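Structure first, then comments.
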Amino acid sequence: MRCNCYIPSGCSISGMMSESGKRMDGNAIIRSIALMHDRGNGLGGGFAAYGIYPRHADQFAFHMMFDTKQAKKQCEEYLKDTFDIVLDEEIPTRPGGVFEEETSGKDAEYGARPITDPPILWRYFLDVPEEKTTFVTEDEYVVNKVMEINSKFDSAFVASSGKNMGAFKGVGYPEDIGMFYKLDEYKAYIWTAHSRFPTNTPGWWGGAHPFCLLDWSIVHNGEISSYGINKRYLETFGYKLELRTDTEVIAYLFDLLVRRHNLSVEIAAKALASPFWKDIDRMPDRERKITSAIRQVYGGALLNGPFSVILGHSRGMVGFNDRIKLRPMTCGRADDMLYMSSEESGIREIEPDLDEVWSPKAGTVVIGELHEEVQ
Amino acid sequence: MMSELPPEFIVKIDYDRCRRCKRCVMNCSFGCMQFKDRVVPEHKNCVACHRCTTFCPESAITITSNELAYKENANWMPEIRKNILKQAQTGGILLTGMGNPKPYQILWDHMLIDACQVTNPSIDPLREPMELRTFIGRKPDRLEFAHNKDGEIDLVTELQPQVKLDVPILFGAMSYGAVSLNVHRALAMAANRSGTLMNTGEGGLHKDLYPYAGNIIVQVASGRFGVHSEYLNTSAMVEIKIGQGAKPGIGGHLPGEKVGEDISKTRMIPVGTDAISPAPHHDIYSIEDLSQLIFAIKEAVDYTKPVSVKISAVHNVAAIASGIVRAGADVVTIDGFKGGTGASPMVIRDNVGIPIELALAAVDQRLRDEGIRNNASIICAGGIRSSGDVAKAIALGADATVIGTAALVAIGCRICQKCYTGNCAWGIATQKPELTRRLDPQVSAQRLSNLLTAWSLELKEILGSLGVNSIESLRGSRERLRGIDLDEQTLKLLGIKPAGVGQ
Numbered sequence: 176m177r178c179n180c181y182i183p184s185g186c187s188i189s190g191m192m193s194e195s196g197k198r199m200d201g202n203a204i205i206r207s208i209a210l211m212h213d214r215g216n217g218l219g220g221g222f223a224a225y226g227i228y229p230r231h232a233d234q235f236a237f238h239m240m241f242d243t244k245q246a247k248k249q250c251e252e253y254l255k256d257t258f259d260i261v262l263d264e265e266i267p268t269r270p271g272g273v274f275e276e277e278t279s280g281k282d283a284e285y286g287a288r289p290i291t292d293p294p295i296l297w298r299y300f301l302d303v304p305e306e307k308t309t310f311v312t313e314d315e316y317v318v319n320k321v322m323e324i325n326s327k328f329d330s331a332f333v334a335s336s337g338k339n340m341g342a343f344k345g346v347g348y349p350e351d352i353g354m355f356y357k358l359d360e361y362k363a364y365i366w367t368a369h370s371r372f373p374t375n376t377p378g379w380w381g382g383a384h385p386f387c388l389l390d391w392s393i394v395h396n397g398e399i400s401s402y403g404i405n406k407r408y409l410e411t412f413g414y415k416l417e418l419r420t421d422t423e424v425i426a427y428l429f430d431l432l433v434r435r436h437n438l439s440v441e442i443a444a445k446a447l448a449s450p451f452w453k454d455i456d457r458m459p460d461r462e463r464k465i466t467s468a469i470r471q472v473y474g475g476a477l478l479n480g481p482f483s484v485i486l487g488h489s490r491g492m493v494g495f496n497d498r499i500k501l502r503p504m505t506c507g508r509a510d511d512m513l514y515m516s517s518e519e520s521g522i523r524e525i526e527p528d529l530d531e532v533w534s535p536k537a538g539t540v541v542i543g544e545l546h547e548e549v550q
Numbered sequence: 013m014m015s016e017l018p019p020e021f022i023v024k025i026d027y028d029r030c031r032r033c034k035r036c037v038m039n040c041s042f043g044c045m046q047f048k049d050r051v052v053p054e055h056k057n058c059v060a061c062h063r064c065t066t067f068c069p070e071s072a073i074t075i076t077s078n079e080l081a082y083k084e085n086a087n088w089m090p091e092i093r094k095n096i097l098k099q100a101q102t103g104g105i106l107l108t109g110m111g112n113p114k115p116y117q118i119l120w121d122h123m124l125i126d127a128c129q130v131t132n133p134s135i136d137p138l139r140e141p142m143e144l145r146t147f148i149g150r151k152p153d154r155l156e157f158a159h160n161k162d163g164e165i166d167l168v169t170e171l172q173p174q175v176k177l178d179v180p181i182l183f184g185a186m187s188y189g190a191v192s193l194n195v196h197r198a199l200a201m202a203a204n205r206s207g208t209l210m211n212t213g214e215g216g217l218h219k220d221l222y223p224y225a226g227n228i229i230v231q232v233a234s235g236r237f238g239v240h241s242e243y244l245n246t247s248a249m250v251e252i253k254i255g256q257g258a259k260p261g262i263g264g265h266l267p268g269e270k271v272g273e274d275i276s277k278t279r280m281i282p283v284g285t286d287a288i289s290p291a292p293h294h295d296i297y298s299i300e301d302l303s304q305l306i307f308a309i310k311e312a313v314d315y316t317k318p319v320s321v322k323i324s325a326v327h328n329v330a331a332i333a334s335g336i337v338r339a340g341a342d343v344v345t346i347d348g349f350k351g352g353t354g355a356s357p358m359v360i361r362d363n364v365g366i367p368i369e370l371a372l373a374a375v376d377q378r379l380r381d382e383g384i385r386n387n388a389s390i391i392c393a394g395g396i397r398s399s400g401d402v403a404k405a406i407a408l409g410a411d412a413t414v415i416g417t418a419a420l421v422a423i424g425c426r427i428c429q430k431c432y433t434g435n436c437a438w439g440i441a442t443q444k445p446e447l448t449r450r451l452d453p454q455v456s457a458q459r460l461s462n463l464l465t466a467w468s469l470e471l472k473e474i475l476g477s478l479g480v481n482s483i484e485s486l487r488g489s490r491e492r493l494r495g496i497d498l499d500e501q502t503l504k505l506l507g508i509k510p511a512g513v514g515q
C-alpha cells in the first residue's frame, strides 16, 4: 500500500567503502547501524550494496516490491514488454530472522522484533533491448521506465534499478532488516545503511531508505526544507516526484546534475550545498566565477534545511552536510577503507583502529573513489 | 453647477488652539485653507492629503469625511453619484491617481507562511548567515565545465548579463514628470545605498542621475521620451514598457504645463508641449515586433545588460509572458491591477486587469511547464505592501518584487489620489518649484533605505523561521504557503494547499 502522506523523519546513517574494491559481507555495516539503534524508531531501515551481483554485472538489477500477486503479474507483463528479462527470482529472505549479536552491552531488545508482513520481494536482471535505445541512452530509458512503474502501478515499487547493486529495505529496525535480507551472505565493496525515525507513521516498505535510481543510492538523515522548490525545479526537467519523500529529490538532483548535465560530483555537491556569498566574495577570481555561476544557475537545486547524506554510486561514495551542519556526520579512514557515520561510535564499533577520524565542515564533500585500476 | 458636488471632507479647526500662524495656509496646495482674520477652510477643496494636520504645531486641525453628503444607499454609493455628477457637468473621462482603491479581495492576506518545528530546525538570523542576494537576468539551463591544460576546472558556459540585488525589492517605474526630480534623486540614492534598482519610468533620465547608472533601470515606453544611446547605456538594465497594472492597454499623458525646461531636456520634447505616450508601441504590433525591439536594444547596449519587458496582469498573461521570454527578454515584469499610477482613467484603473497574485502564479507555472523558467527572471509589481507580501510573492515564484506606492508612502505620500492634478502638497507628484522643494532628497533617500533595511530584516526572520538560509530556497517554494478562506479553484490557480493540510 502506497503511503500518500509526507513523512518527515530523523535518522542515522552509516557507510563504508573499500577504495581498492575489496568485497566485504554485510555483518560490519549491520553492527555499525545497530549501535545507533536509538536514533531510529523501528519504522524503517535499509541498506544499499555495490558489487553484489558480479555474475550479472551487465544487467540492470531491479529490486521490486509488490503488494499483491496481481500487481506482480501486471508489472511483469510491463517488464516483459519493455525489457529482456535475463533472470528473475525471489529475493532470498529469512522470515522471522533477528539480529542477535552483542553490541555495546545494550542490546536486550535488539532482535526482539522479527520482520513481519513483508511485501512480495522479487528481483529482475534486465537487459535493455537494443531497438529501444535508438533515440535515448540506456540510462535515460531505464529512468523513464522506473518513473513510469512508480507512478503508474499503485502496488508495485522499484526499490533499486542499478547494475551490480541493490537496495534492501523495509519497515523495522535496520539490524533486523539486514538479517531478514540475509545481508551476511552478500559481498559488496560499498555498503550504506539507514535507520529511520519517521515522526508520522504509516510504515511503507518503499518509503524506507536508501532511495535509489540507476546506480545512485541515497541515505539521508534530515529534512529538506527547500523540498517545495527542489521538486518544482526537477519537474521542469521531466522528473516525476511520486514518493512524497524529500530524499528522492536528492537522488534525482544528482541524476540531473551528474548524469544529464555531466557535472563532476564535487561541483554537483557545490550546487546542492553551496558556499555562502560572504565566502564566495572572498574566493580567488576563477573559483569565485565558477561558484557564483553555479549558484546563479542552479539556485533551484540548492538543498536547504538540516541533512547529512551519503550518496553511493558504482565508483564511489560521497558524504556531505547541509550548509550550516544541522545534522551530524563523522568520517574515518583506515587503510583503503573510508567510513562515514552519523556518530563516531558507529565507525569505532567496526574499526577501532582508525588512521584518521574527522567531522567534515558544513557544506564540504567527502569523496571516496574506487582506485582507477579497479574495474 | 460645481455647487452640485457636496464636499468630500469636512475640515474642523479648533479655534481655541489655533494660534493663527498660517502654517496650514502656506502648506495647503489645493486652495482649501484660507486666511480671513482666522483660518477658514473651504471644505470643497480639501483632498485629505493631511499636509495641514501634519504641520499644524497646535494639532488644531481635524479632517473628517462628510458623512451624509449623500443619502445612504447600498447601491448608489456616494462615489458613483459623485462621478455621475462630475461627468454630467464636463462630459469627460474621469481621471484619478494611485492604485485601485476598490475592496477587491487581497489574495496576499489569504496566504499564510509555514514555519519549522522540531523535525527541521528554524535558523536564527542573528547568529547564522541569511542570504537575500538575487541575480536578475537570463540563466542557462545548465553549466559546462572543462579541464584546462593545467588540470584546473574552467567554466565553459558564458553567462548572460546579470544584475545583482542585495535585497529582492526594486523601486517601481515612476517617470520624471509624474514625480519630481527630487523624488528621482531620493530613489536613486536609496537604490544605491541598499543595493537595488530604481526605475526611470518613461520620462528619461535627468543628467544629474547619470552617476547612479549601476542602480537604474531605464525604461523604453511607447512615447520613447528621452531614449537615446547614452540613456540606454547609463543603466543596469533596460525595460520595455508594454503595459502598466493601473492602466492596461492605455497610454499616458503628461500635460504641457508640467513640461518645463528640465523635463523638456530630459524627455527631448519642446517646453510646454504635451507628452503623449500612445497606447501601443507603434513599432510593436506583434510578438515578433517585440523581439526586434528587444534585440535592437541588446545591440545598442552591446549585450551587456539584461532587457526586461513589463506587462500588465491581464487574463492571458501566462501565454503572453511565455511569448516574451521566447522573444528574447531576460526579465518579465508583471504589474498587477493594484499597481499605482500618476494618472489613469478611473474606469480603467478600477475595472481592468487581474490580481498580481494570480498572474504571478500563472506565469511562473507556465514558464516551468514549458521548461523555460530559468531563461528569464520574473519581477512582480503592483500591490506589494509589506515584507510579508514580498515573501509570499517570492514563494509563489517571483525572483524579485517592486514597490512604488509603498516607496512613496515612505517619503510622505498620503494616498490622496490627486497625483494627476500636479498639486501634490508633499512635493512628490508635482513640478511646481515651491512644492518640489518640500521634499529633501537626502532625508527621503534615508527613509527609503530604512524601509528596505527593515523589510530585509523581516525577510530574514521569515527565512529563518522556514528553516532556510537563502532566498532561492523560498523562491517558487509554494509548498511553504497555505491558503485560507479561498475557494478550490483559486487554490489551484495559486498552486497552494489550503491551511490545515500537511505536506
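Protein chains in written order, with my numbering: chain A, 176 to 550; chain B, 13 to 515.
Every residue, glycine too, gets a C-beta built ideally from N, C-alpha and C.
The structure displayed is predicted, hence computed values, not measured ones.
At 4 residues or longer, what runs of the alpha helix (DSSP H) sit wholly inside the segment 187–275 of chain B? 193–206, 241–245
Under 7 angstroms by beta carbon: chain B residues contacting Gly403(A): Ser489, Arg490, Glu491, Arg492
- Beta-carbon spacing of Val484(A), Ile393(A) below 9 angstroms: yes
Spatial distance of Glu519(A) from Ile365(A) (CA atoms): 18 angstroms
### Message
Taking 7 angstroms as the limit between beta carbons, can you name the residues of its chain near Glu470(B), skipping five residues before and five after?
### Response
Ser399
So with Cβ pairs under 9 angstroms, would you call Lys151(B) a contact of chain A?
yes
Q: Would you kindly report the start and end of the unbroken alpha helix (DSSP H) that includes Lys128(A)?
A: Residue coverage of chain A in this structure runs from 176 to 550, which leaves residue 128(A) outside it and unanswerable.
In chain B, what lies closer than 8 angstroms to Glu410(A) by C-beta?
-> Arg380
**Message:** Does the CB of Phe258(A) have a neighbour CB from chain B at under 9 angstroms?
**Reply:** no
- Around the C-beta of Lys344(A), are 16 or more other C-beta atoms found within 10 angstroms, so that it is buried, or is it exposed? buried
>> Quick check for students: name the residue ranges of the beta strand (DSSP E) that lie wholly in the segment 105–188 of chain B, counting only runs of 3 or more.
In response: 123–125, 146–148, 157–159, 165–167, 175–177, 181–183
Beta-carbon neighbours of Ala468(A), restricted to chain B and to distances below 8 angstroms: Leu155, Leu167, Thr169, Leu171
Cys61(B) versus Leu438(A): straight-line alpha-carbon distance, rounded
59 angstroms
- [ ] Determine the DSSP secondary structure at Thr278(A), reduced to helix, strand or coil.
- [x] In this prediction, Thr278(A) scores a pLDDT of 47, lower than 50, which makes its location untrustworthy; no coordinate-derived value is stated.
| said: Is the beta carbon of Ser324(B) closer than 9 angstroms to that of Ile148(B)? | reply: no
Taking the alpha carbon of Val549(A) as the reference point, which residue from Gly196(A), Ser187(A), Ile442(A), Lys307(A) has its own alpha carbon closest? Gly196(A)
Problem set entry | Extent of the continuous alpha helix (DSSP H) to which Met354(A) belongs | 349–355
ask   = Do three or more CB pairs link the segment 351–363 of chain A to the segment 310–319 of chain A at distances below 8 angstroms?
value = no
Discussion item. Considering only their Cβ atoms, is the gap separating Phe372(A) from Gly543(A) smaller than 9 angstroms?
Written reply: no
Notebook entry, point to check: Asn479(A) and Asn481(B): beta carbons closer than 9 angstroms?
Noted result: yes
Exercise for review: List the residues of chain B that Asn479(A) touches, going by C-beta distances under 8 angstroms, in chain order.
Suggested key: Gly479, Val480, Asn481, Ser482, Ser485
With a threshold of 9 angstroms between beta carbons, is Leu438(A) in contact with chain B? yes
Exercise. Give a yes or no on whether the minimum CB-CB distance between Asn204(B) and chain A is below 9 angstroms.
Key: no
What residues in the segment 120–138 of chain B bring their beta carbon closer than 8 angstroms to a beta carbon of chain A? Cys128, Val130, Thr131, Asn132, Pro133, Ile135
Inset, instruction - Please confirm whether Gly352(B) and Ala258(B) have their CB atoms less than 9 angstroms apart. - result: yes
message = List, in chain order, every chain B residue whose beta-carbon is nearer than 7 angstroms to that of Glu398(A).
response = Thr131, Asn132
For this session: With 9 angstroms as the threshold, decide whether the Cβ of Phe451(A) is near any Cβ in chain B.
Result: yes
- [ ] Below 8 angstroms between beta carbons is the criterion; list the residues of the segment 40–70 of chain B that meet it against any residue of chain A, in chain order.
- [x] none
Same chain, Cβ closer than 7 angstroms to Gly507(B), neighbours up to 5 away in sequence not counted:
Ala373, Gln377, Arg490
Spatial neighbours of Glu369(B) in its chain, beta-carbon cut-off 6 angstroms, leaving aside the 5 residues before and after
Leu119
Assign Trp380(A) to buried or exposed, taking buried as 16 or more other Cβ atoms, counted over all protein chains shown, within 10 Å of its Cβ. buried
Interface flag, Glu143(B) vs chain A, CB-CB below 9 angstroms:
yes
Margin query: Classify Thr278(B): buried if its beta carbon has 16 or more other beta carbons within 10 angstroms, exposed otherwise.
Written below: buried
In terms of residues, what are the limits of the alpha helix (DSSP H) holding Gly400(B)? 399–408
To be precise: take each residue of the segment 198–227 of chain A, compare its Cβ to all Cβ atoms of chain B, and keep it if any distance is under 8 angstroms. Which residues remain?
none
Would you report the Cα separation of Glu70(B) and Ala185(B), rounded to the nearest angstrom? 38 angstroms
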